[in-house]
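Student: Pasting in a structure now, in C-alpha cells, and then I'll have a few things to ask.
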Amino acid sequence: MKLLSSSQINAWDEYTLLNEPVTSIDLMERAAKKCTDFIVKKYPVSQLVKIFCGKGNNGGDGLAIARQLLNEGYQISIYILETGNSSRADFEKNLERVQDHKQFIHFISNTSQFPYIQPNE
2 MKLLSSSQIN AWDEYTLLNE PVTSIDLMER AAKKCTDFIV KKYPVSQLVK IFCGKGNNGG
62 DGLAIARQLL NEGYQISIYI LETGNSSRAD FEKNLERVQD HKQFIHFISN TSQFPYIQPN
122 E
C-alpha cells in the first residue's frame, strides 16, 4: 500500500476536481464509500464504530462514512470536536445529511467530554 502525504492528497483532489465532472462533495462521498466498503468487509455489522471528526473536510469524510455505515446497519457514535475553527462547507453539508441520526452525534468542547474507549473497541 502506498501512503500519500497531505499535500499529495490535496494535489490529487484538485486534479480530480479539475479533470472529472465531479463536485467536491461527490468526491468526498466516493472516498467515503471506499472506506465504508473496507469496514464492511473487515468488521461485523454488530461492531460499534466510533468516529471522531473535526470540522474540516476530513471531518466531512468521517460524517459521510458514519452515514453510510448507519445505512449498512452498523451501530455508530459520532464525536465532533468543537474547536475554534469554522467548519468547511462540505463538512456542513454532510452534517445536514446525517441529521436524521442526530441521536448518535456528540459534540466535544473539552477533554472531559471525550468518551472512554475500551482497549478491545
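The opening position of the sequence shown corresponds to residue 2 in this note's numbering, with each subsequent residue numbered one higher. Beta carbons are placed, not taken as given, at the ideal position from N, Cα and C, and that holds for glycine.
1) Which ranges would you report for the alpha helix (DSSP H) in the stretch 58-87 if only whole runs of at least 4 residues count?
2) Measuring only the C-alpha atoms, how far is Ile106 from Ser88?
3) Return the CA-CA distance between Tyr70 and Tyr44, expressed in angstroms with no decimal places.
4) Tell me where the beta strand (DSSP E) around Leu49 begins and ends.
5) Just checking my contact of Gln48 with Tyr75 at CB under 8 Å: how many whole Å lie between their CB atoms?
6) Identify which residue in Phe108, Gln114, Asn58 has its Cα closest to the Cα of Ser7.
7) For Asp91, count neighbouring C-beta atoms within 10 Å of its own C-beta (all shown protein chains included) and say buried if the count is 16 or more, exposed if not.
8) Please classify Phe108: does DSSP put it in a helix, a strand, or coil?
Tutor: The structure says:
1) 58-72
2) 16 Å
3) The amino acid at residue 70 is misidentified as Tyr; the sequence shows Leu. Near 11 Å, if we compare the C-alpha coordinates of Tyr44 and Leu70.
4) 49-54
5) 7 Å
6) Asn58
7) buried
8) strand
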